[in-house]
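Numbering (this note's numbering), first residue to last: 7 to 96.
As structure tokens, this is what we get:
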């Protein structure tokens, strides 16, 4: 199975597939992205430096609890929006 972007998974059963997904930085980044969007009310329209920092922390610590604390403590969460429309946050 090949994901968009070229990462390939070859597996023999569902358990093997799950283990490969769990070891993938790309999958972890996607997981962190979706938790961040959920926390922001889906207002995250672009990959930002703050999001990359959250993703990197999740890759390093592999802890959902630390991921959620990182999101809640981020500038993204405190600001509330990352989208600029006509120079003002919407």
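Cβ coordinates follow ideal geometry from the N, Cα and C atoms, glycine included.
- For residue 16, which of helix, strand or coil comes out of DSSP? DSSP places residue 16 in the coil class of the three-state scheme, outside both helix and strand.
- Option in 79, 25, 30 with minimal Cα separation from residue 45: Per the Cα distances, 79.
- So, helix, strand or coil for residue 8, using DSSP? If DSSP states are grouped into helix, strand and coil, residue 8 belongs with the strands.
- State yes or no: is the C-beta of residue 64 within less than 8 Å of the C-beta of residue 57? No, the Cβ-Cβ distance between residue 64 and residue 57 is not below 8 Å.
- Query: Buried or exposed: which applies to residue 38, given that a residue is buried once 16 or more other Cβ atoms fall within 10 Å of its Cβ?
  - Reply: Residue 38 should be labelled buried.
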